[in-house]
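Trainee:
In full-length UniProt numbering, the protein residues as written are 1 to 399.
1. Using 10 angstroms around the beta-carbon of residue 198, count the other beta-carbons present and answer buried if the total reaches 16, otherwise exposed.
2. Evaluate residue 128 with the Cβ neighbour count: other Cβ atoms within 10 Å of its Cβ, from every protein chain shown; 16 or more gives buried, anything less gives exposed.
3. Are residue 289 and residue 322 close, meaning C-beta to C-beta below 8 Å?
4. Our contact map puts residue 50 next to residue 70 with C-beta atoms below 8 Å; I'd like the distance itself, whole angstroms only.
5. Does the contact criterion of 3 or more C-beta pairs under 8 Å hold for the segment 135 to 146 versus the segment 115 to 124?
6. Give me the DSSP bridge partner(s) of residue 264.
7. From the DSSP output, in three-state form, read off residue 70 for me.
8. Let me know if residue 82 comes out buried or exposed under the rule of 16 or more other beta-carbons within 10 Å of its beta-carbon.
9. Please give the ranges of any alpha helix (DSSP H) in the segment 5 to 85, keeping only runs that are unbroken, at least 4 residues long and fully inside the region.
10. Go through its chain and collect everything with a Cβ distance to residue 235's Cβ below 7 Å, but skip five positions before and after it.
11. How many angstroms separate the CA atom of residue 306 from the CA atom of residue 100?
12. If you count every other CB in all the chains shown that lies within 10 Å of the CB of residue 191, and 16 or more means buried, which is it?
13. Under 8 Å between the Cβ atoms of residue 75 and residue 53?
14. In this structure, how does DSSP classify residue 326 when only helix, strand and coil are distinguished?
15. If we count the other Cβ atoms within 10 Å of its Cβ and call it buried at 16 or more, is residue 161 buried or exposed?
16. Rounded to the nearest angstrom, what separates residue 327 and residue 171 at their Cα positions?
17. Using DSSP with H/G/I as helix, E/B as strand and the rest coil, what is residue 257?
18. Is residue 159 helix, strand or coil when you go by DSSP?
19. Output the distance between the C-alpha atoms of residue 333 and residue 139, rounded to the nearest integer angstrom.
20. Run the CB neighbour count on residue 10, radius 10 Å, all protein chains shown included, and call it buried at 16 or more, exposed below.
21. Return the CA-CA distance between residue 5 and residue 30, expressed in angstroms with no decimal places.
22. So residue 312 and residue 212 are supposed to be a Cβ contact under 8 Å. How far apart are they, rounded?
23. Please state whether DSSP places residue 128 in a helix, a strand or coil.
24. Please report how far the alpha carbon of residue 189 lies from the alpha carbon of residue 276, in whole angstroms.
25. State the start and end residues of the unbroken alpha helix (DSSP H) segment that holds residue 146.
26. For residue 3, is the classification buried or exposed, using 16 other Cβ atoms within 10 angstroms of its Cβ as the cut-off for buried?
27. Evaluate residue 63 with the Cβ neighbour count: other Cβ atoms within 10 Å of its Cβ, from every protein chain shown; 16 or more gives buried, anything less gives exposed.
28. Assign residue 283 to one of two classes, buried (16 or more other C-beta atoms within 10 Å of its C-beta) or exposed (fewer than that).
29. Using a Cβ distance threshold of 8 Å, determine whether the segment 33 to 41 contacts the segment 87 to 96, with at least three qualifying pairs required.
30. Mind checking which residues open and close the alpha helix (DSSP H) that includes residue 291?
31. For residue 296 and residue 184, which I take to be in contact (beta-carbon distance under 8 Å), what is that distance rounded to the nearest angstrom?
32. Where does residue 250 sit, in a helix, a strand or coil, going by DSSP?
33. Any idea which residues DSSP pairs residue 333 with across the strands?
34. Could you tell me which of 259, 218, 330 sits nearest to residue 240, measuring between CA atoms?
35. Pick helix, strand or coil for residue 219, following the three-state DSSP scheme.
36. Rounded to a whole number of angstroms, what is the C-alpha to C-alpha distance between residue 223 and residue 72?
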């Protein structure tokens, strides 16, 4: 590995291929476990990702007598200060809290050997840039720098020239970024107001282990959660306005499987690994092309199969085509009729995951409304009625 050899590195790889374990093992190889001081600093854009990285480092470092601490916002500053005074050899954290700890002089940088930015494109192209520069200015000149992400836009690569020395670049062609194990579909909903009924149909139809539904704003996440809960569907929600304790509980429930459907903003799109996720739904298409691959990469982890379904209004067509062109991929229209059966009768997801489109009839007990179905329930077109062929949001083709 170039990291072990001491080179600055810019590394890119598809989502779910083991980047965290790779750079963690490389970083730990450079640690002097007899020296009780921070020697490797790993920075991530979200608290959840930082905590996830810490767990990986702790699991590996436990065999090497190496200590790792996570410095993240939303937790007690005093706890971080006390932990850092004990001299953990590896510190993982979010930019704001890391910068604060360095300024307070409780996170010492004089023994720093390695500075790693995970999801580097996110941190070098948004509001984190200044903090990252400030952190870097406080590190020894000999500090080795490593950047990792599934996507590396050209503007980010240009920024790296300011603080990296002749980095070795391990880059992936854009057409190779989309995950082979993830089948991508779109549903032409035409109008924004038709999305909710479309989602309700899918909710009652597909058999999945776990799913993530992405919205573009925190307000939309709350709105959609309220609407689905009012329809007696069981969902969880997570976004950046929530308290850290609440976010921790939600992620713990989702990882354990006690929560099966999570509605989230792009907060969850970066690096979060829940291996049971088999379905990703883009209720809103992402605002930029790079986030598309990060979102759908929440499914199909480590070579597993997954399905990504995109809700596409008439206003979204241009963005969908840009995504297809950017990644040299094709997002297929989700079949309305498979083997002569209406979509609401077909266990469509299982067909996709098995690599077939043979019709499999079944109701998913995990994704049906809570309690027994009401036999007197009135179905309206597009609301899960097996007899209804009137689904205006499925009728329009965009290709």
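The C-beta atom is built at its ideal place from N, Cα and C for all residues, glycine as well.
Keep in mind the model is a prediction, meaning the values are calculated, not measured.
Mentor: Result, derived from the coordinates:
1. In the chain shown, the residue the question calls residue 198 occupies position 198. Classification for residue 198: buried.
2. Numbered from 1 along the chain shown, position 128 holds the residue referred to as residue 128. With 16 or more other Cβ atoms within 10 Å, it is buried.
3. For the purposes of this step, residue 289 is taken as residue 289 along the chain shown, with counting starting at 1. For the purposes of this step, residue 322 is taken as residue 322 along the chain shown, with counting starting at 1. It is a contact, given that the beta carbons lie within the stated cut-off.
4. Start at 1 with the first residue of the chain shown, and residue 50 comes out as number 50. Start at 1 with the first residue of the chain shown, and residue 70 comes out as number 70. Sure, about 5 Å apart at Cβ, within 8 Å.
5. yes
6. By 1-based counting over the chain shown, the position of residue 264 is 264. DSSP output for residue 264 lists 214, 238 as bridge partner(s).
7. In the chain shown, residue 70 corresponds to position 70, counting from 1. DSSP, reduced to helix, strand and coil, places residue 70 within a strand of the structure shown.
8. Locating residue 82 in the chain shown gives position 82, counting from the first residue. So residue 82 counts as exposed.
9. 19 to 29, 47 to 61, 77 to 85
10. Along the chain shown, read from residue 1 onward, the residue named residue 235 stands at position 235. Correct list, in chain order: 225, 228, 229, 261, 263.
11. Locating residue 306 in the chain shown gives position 306, counting from the first residue. Locating residue 100 in the chain shown gives position 100, counting from the first residue. Separation of residue 306 and residue 100 (C-alpha to C-alpha, rounded to the nearest whole angstrom) is 40 Å.
12. Here residue 191 refers to the residue found at position 191 when the chain shown is read from its first residue. So residue 191 ends up on the exposed side.
13. Within the chain shown, residue 75 is the residue found at index 75, counting from 1. Within the chain shown, residue 53 is the residue found at index 53, counting from 1. Contact: no.
14. Mapped onto the chain shown, residue 326 falls at position 326. In the displayed model, residue 326 falls within a helix according to three-state DSSP.
15. Stepping through the chain shown from its first residue, residue 161 is reached at position 161. So residue 161 counts as exposed.
16. To locate residue 327, count along the chain shown from 1; it is residue 327. To locate residue 171, count along the chain shown from 1; it is residue 171. Distance between the alpha carbons of residue 327 and residue 171 is about 14 Å.
17. Mapped onto the chain shown, residue 257 falls at position 257. If DSSP states are grouped into helix, strand and coil, residue 257 belongs with coil.
18. Position 159 of the chain shown, counting from 1, holds the residue named residue 159. It is helical.
19. Along the chain shown, read from residue 1 onward, the residue named residue 333 stands at position 333. Along the chain shown, read from residue 1 onward, the residue named residue 139 stands at position 139. Using only the alpha carbons, I get a separation of about 50 Å.
20. Within the chain shown, the letter at position 10 stands for residue 10. With 16 or more neighbouring CB atoms inside 10 Å of its own CB, residue 10 falls in the buried class.
21. As a working mapping, residue 5 is identified with position 5 in the chain shown. As a working mapping, residue 30 is identified with position 30 in the chain shown. The straight-line gap from Cα to Cα measures roughly 9 Å.
22. Counting from one through the chain shown, the residue named residue 312 turns up at place 312. Counting from one through the chain shown, the residue named residue 212 turns up at place 212. Contact doesn't hold; Cβ gap of about 18 Å is too wide.
23. One-based indexing of the chain shown puts residue 128 at position 128. It is coil, neither helix nor strand.
24. Counting from one through the chain shown, the residue named residue 189 turns up at place 189. Counting from one through the chain shown, the residue named residue 276 turns up at place 276. Taking the straight line from one Cα to the other gives about 28 Å.
25. Reading the chain shown from its first residue, position 146 is the one you call residue 146. Annotation for residue 146: no alpha helix (DSSP H) segment contains it, though the beta strand (DSSP E) segment containing it runs 144 to 149.
26. What you label residue 3 is simply residue 3 of the chain shown in a count that begins at 1. Buried, since its Cβ has 16 or more Cβ neighbours within 10 Å.
27. Working through the chain shown from its first residue, we reach residue 63 at position 63. Exposed, because fewer than 16 other Cβ atoms sit within 10 Å of the Cβ of residue 63.
28. On the chain shown, residue 283 is found 283 positions in, with the first residue counted as 1. Answer is buried; the Cβ neighbour count reaches 16.
29. yes
30. One-based indexing of the chain shown puts residue 291 at position 291. Here the alpha helix (DSSP H) through residue 291 covers 289 to 296.
31. Walking along the chain shown from the start, residue 296 turns up at place 296. Walking along the chain shown from the start, residue 184 turns up at place 184. Right, the Cβ-Cβ distance comes to about 7 Å (below 8 Å), so this counts as a contact.
32. The count along the chain shown starts at 1 and reaches residue 250 at position 250. In the structure shown, residue 250 sits in a helix (DSSP, three-state: H, G or I).
33. One-based indexing of the chain shown puts residue 333 at position 333. Note: residue 333 sits in a beta bridge opposite 186.
34. Your numbering for residue 240 matches position 240 in the chain shown. It is 218 whose Cα lies nearest to the Cα of residue 240.
35. Numbered from 1 along the chain shown, position 219 holds the residue referred to as residue 219. Helix, per DSSP.
36. Numbered from its first residue, the chain shown carries residue 223 at position 223. Numbered from its first residue, the chain shown carries residue 72 at position 72. For residue 223 and residue 72, the distance between alpha carbons rounds to 28 Å.
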